[in-house]
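Chains A and B, in that order, give the protein sequences. With UniProt numbering applied, the first sequence corresponds to residues 1 to 153, in that order. With UniProt numbering applied, the second sequence corresponds to residues 1 to 153, in that order.
There are 2 protein chains.
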Amino acid sequence: MTVAHPHDALSAASAHSTDQALNHVIIEFYEKLSSWEHAIVRDKGFSLSQVHTIELLGVHGAMRMKELADKIGVTTGTLTVQIDKMVDSQWVMRRPHESDRRSILVELTEKGQALFLEHDALHLQLTTDLTAKMSAKERSLLLSLLTRMNQEF
Amino acid sequence: MTVAHPHDALSAASAHSTDQALNHVIIEFYEKLSSWEHAIVRDKGFSLSQVHTIELLGVHGAMRMKELADKIGVTTGTLTVQIDKMVDSQWVMRRPHESDRRSILVELTEKGQALFLEHDALHLQLTTDLTAKMSAKERSLLLSLLTRMNQEF
DNA sequence: TCAGTTTAGTTTGAAAATCAAAATATATAA
DNA sequence: TTATATATTTTGATTTTCAAACTAAACTGA
Numbered sequence: 001m002t003v004a005h006p007h008d009a010l011s012a013a014s015a016h017s018t019d020q021a022l023n024h025v026i027i028e029f030y031e032k033l034s035s036w037e038h039a040i041v042r043d044k045g046f047s048l049s050q051v052h053t054i055e056l057l058g059v060h061g062a063m064r065m066k067e068l069a070d071k072i073g074v075t076t077g078t079l080t081v082q083i084d085k086m087v088d089s090q091w092v093m094r095r096p097h098e099s100d101r102r103s104i105l106v107e108l109t110e111k112g113q114a115l116f117l118e119h120d121a122l123h124l125q126l127t128t129d130l131t132a133k134m135s136a137k138e139r140s141l142l143l144s145l146l147t148r149m150n151q152e153f
Numbered sequence: 001m002t003v004a005h006p007h008d009a010l011s012a013a014s015a016h017s018t019d020q021a022l023n024h025v026i027i028e029f030y031e032k033l034s035s036w037e038h039a040i041v042r043d044k045g046f047s048l049s050q051v052h053t054i055e056l057l058g059v060h061g062a063m064r065m066k067e068l069a070d071k072i073g074v075t076t077g078t079l080t081v082q083i084d085k086m087v088d089s090q091w092v093m094r095r096p097h098e099s100d101r102r103s104i105l106v107e108l109t110e111k112g113q114a115l116f117l118e119h120d121a122l123h124l125q126l127t128t129d130l131t132a133k134m135s136a137k138e139r140s141l142l143l144s145l146l147t148r149m150n151q152e153f
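Written as structure tokens, this is what we have:
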């Protein structure tokens with residue numbers, strides 16, 4: 001293990017241990033959120049992947065199949081059958097891409113949009129609960145720090 | 001929509017909009033992390049669920065089947081077959097629970113521990129990258145805020 | 001222009017993951 | 001003790017997923 005800044009070994013070492021702690025806190029948060037989502041989803045009778053799709057389309061708007069597959073982390077073949085089912089149950093619809101005739105855009109139907117809003121409300125409740133003990137200043141600080149992390153992603 | 005504190009409607013409304021923003025930043029972060037994990041995992045030839053197990057056991061130590069199944073979000077039946085495979089490939093092992101003879105503890109083998117450390121290093125690298133532009137003070141602030149969220153979970 | 005290559009999406013057939021329900025063993029409570 | 005609850009495994013069926021082959025459109029470079 002080498003120290004990045006020999007002129008200040010102590011602070012470098014402590015920065016490193018903060019990163020380790022931060023890393024594990026992030027992993028733990030991810031695990032908890034993931035398990036929460038799983039439970040919510042199972043209760044409602046959806047698959048995790050379907051809700052993930054609803055979430056992505058709700059937050060980002062219409063998206064190409066390829067783009068969606070990449071974000072979800074499945075092949076386009078898998079996504080095709082998944083979207084087929086979601087079209088059948090009227091959560092989403094396909095429409096042609098304006099400029100690229102190879103591409104197809106997927107977007108939420110009204111019913112899908114309603115489902116997104118319902119699911120989003122659960123997330124909001126969770127967020128509110130998790131930050132209930134924070135001051136307004138702390139919450140907005142957390143918002144800005146997380147926003148900056150997302151930008152680097 | 002009612003306002004929680006009528007004596008200060010404006011700040012209550014703005015606190016609410018911060019919560020909305022915070023909520024969406026959290027969802028976005030979760031999505032990105034999830035997609036990152038998917039990609040990492042696929043490259044190495046593991047399933048997401050297997051790596052999740054490795055992560056959970058690595059962070060929390062030995063755990064009962066039921067506990068692990070709840071955290072991952074699958075039934076114990078599903079977990080039994082998954083752990084069978086992971087025992088075969090020597091990532092984890094089973095051992096009896098000391099006081100409850102119905103229960104079985106799952107824990108990482110040495111090989112599994114090594115895999116965890118390897119995977120954890122990738123996470124650390126990601127964390128370091130995402131927080132690279134933050135000051136030491138900001139990073140430790142983020143650590144403390146996330147720690148508090150985890151505690152409320 | 002036009003042949004070759006890349007990219008987007010779908011289809012297909014097989015493999016893997018998952019569930020619900022039944023079965024077994026142990027623990028707890030009345 | 002007897003009844004009920006909990007932890008795990010097993011089983012059979014369903015669902016999800018992948019890789020590979022295929023079609024169609026876009027791009028690339030003589």
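All C-beta atoms in this analysis are idealised placements derived from N, C-alpha and C, irrespective of residue type, glycine included.
Quick one: grab the DSSP three-state call for residue 168/B. Coverage of chain B is limited to positions 1 through 153, which leaves residue 168/B absent and any answer about it impossible.
Would you list, in chain order, the members of the stretch 70-87 of chain A that have their beta-carbon closer than 9 Å to a beta-carbon of chain B? Listed by position, the residues of the stretch 70-87 of chain A near chain B (Cβ gap below 9 Å) are ASP70, LYS71, ILE72, GLY73, VAL74.
Span separating the alpha-carbon of ASP19/A from that of ARG101/B: Cα-Cα distance, rounded: 40 Å.
Pop quiz: ILE26/A and THR53/B are said to be a contact at Cβ under 8 Å. What is the actual Cβ separation, rounded to whole angstroms? Their Cβ separation, rounded to whole angstroms, is 18 Å, which puts ILE26/A and THR53/B out of contact at 8 Å.
Contact list for MET134/B against chain A, beta-carbon separation under 9 Å: In chain order, LEU145, ARG148, MET149 make up the part of chain A whose C-beta sits under 9 Å from the C-beta of MET134/B.
In whole angstroms, give me the CA-to-CA distance for HIS97/B and ARG64/B. Roughly 8 Å separates the two Cα atoms.
Would you verify that the beta carbon of LEU122/A is, or is not, closer than 8 Å to some beta carbon of chain B? LEU122/A does not count as touching chain B.
For VAL74/A, does the three-state DSSP call read helix, strand or coil? Note: VAL74/A maps to coil in three-state DSSP.
Which class does MET149/B belong to by DSSP, given the choice of helix, strand or coil? DSSP, read as helix, strand or coil, puts MET149/B in helix.
Chain A beta carbons: is any one of them nearer than 8 Å to that of ILE54/B? Output row for ILE54/B: interface = no.
Taking 8 Å as the CB-CB cut-off, is GLN50/A touching chain B? With respect to chain B, the C-beta atom of GLN50/A has no partner C-beta closer than 8 Å.
Any C-beta of chain A under 8 Å from that of LEU33/B: For LEU33/B, the answer is yes, since a Cβ of chain A falls inside 8 Å of its Cβ.
Taking SER49/B as part of the alpha helix (DSSP H), name the residues at either end of that continuous run. Start and end: 48-60.
Counting only the same chain and skipping the five closest in sequence on each side, list residues whose C-beta sits under 8 Å from that of LEU57/A. The answer, listed in chain order, is MET63, LEU68, VAL92, VAL106, GLU107, LEU108, GLY112, PHE116.
Residues of its chain near HIS7/A, where Cβ-Cβ distance is below 6 Å and the 5 sequence neighbours each way are ignored: Residue placement at HIS7/A is flagged as unreliable, the pLDDT there being 47, under the threshold of 50; a coordinate-derived value is accordingly withheld.
In three-state terms, what does DSSP make of residue 159/B? The requested residue 159/B does not occur in the structure, where chain B is confined to residues 1 to 153.
Would you say the stretch 76-92 of chain B touches the stretch 131-139 of chain B, given that touching needs at least three Cβ pairs under 8 Å? No, the stretch 76-92 of chain B is not in contact with the stretch 131-139 of chain B.
Rounded C-beta distance between VAL51/B and HIS123/B? I'm assuming under 8 Å. Not really, about 11 Å apart at Cβ, beyond 8 Å.
Looking only at C-alpha atoms, which of GLU28/B, PHE153/B, MET149/B sits nearest to ARG148/A? When GLU28/B, PHE153/B, MET149/B are compared, the shortest CA-CA separation from ARG148/A is found for GLU28/B.
SER103/A versus SER99/B - alpha carbon distance: Here the alpha carbons of SER99/B and SER103/A stand approximately 59 Å from one another.
Using a C-beta cutoff of 8 Å, does ILE104/A count as contacting chain B? Judged by the 8 Å Cβ criterion, ILE104/A is not in contact with chain B.
To the nearest angstrom, how far is it from the Cα of SER49/B to the Cα of ILE72/B? The alpha-carbon atoms of SER49/B and ILE72/B are separated by roughly 7 Å.
Cβ distance (whole Å) where residue 197/B is taken to contact LEU142/A below 8 Å: Nothing can be reported for residue 197/B: it is not among the residues displayed for chain B, which extend from 1 to 153.
Candidates GLY61/B, TYR30/B, ALA114/B: closest to VAL59/A by CA position: Comparing alpha carbon positions, the residue from GLY61/B, TYR30/B, ALA114/B closest to VAL59/A is TYR30/B.
Interface residues of chain B around ALA21/A at Cβ under 9 Å? Here the neighbours are SER140, LEU143, THR147.
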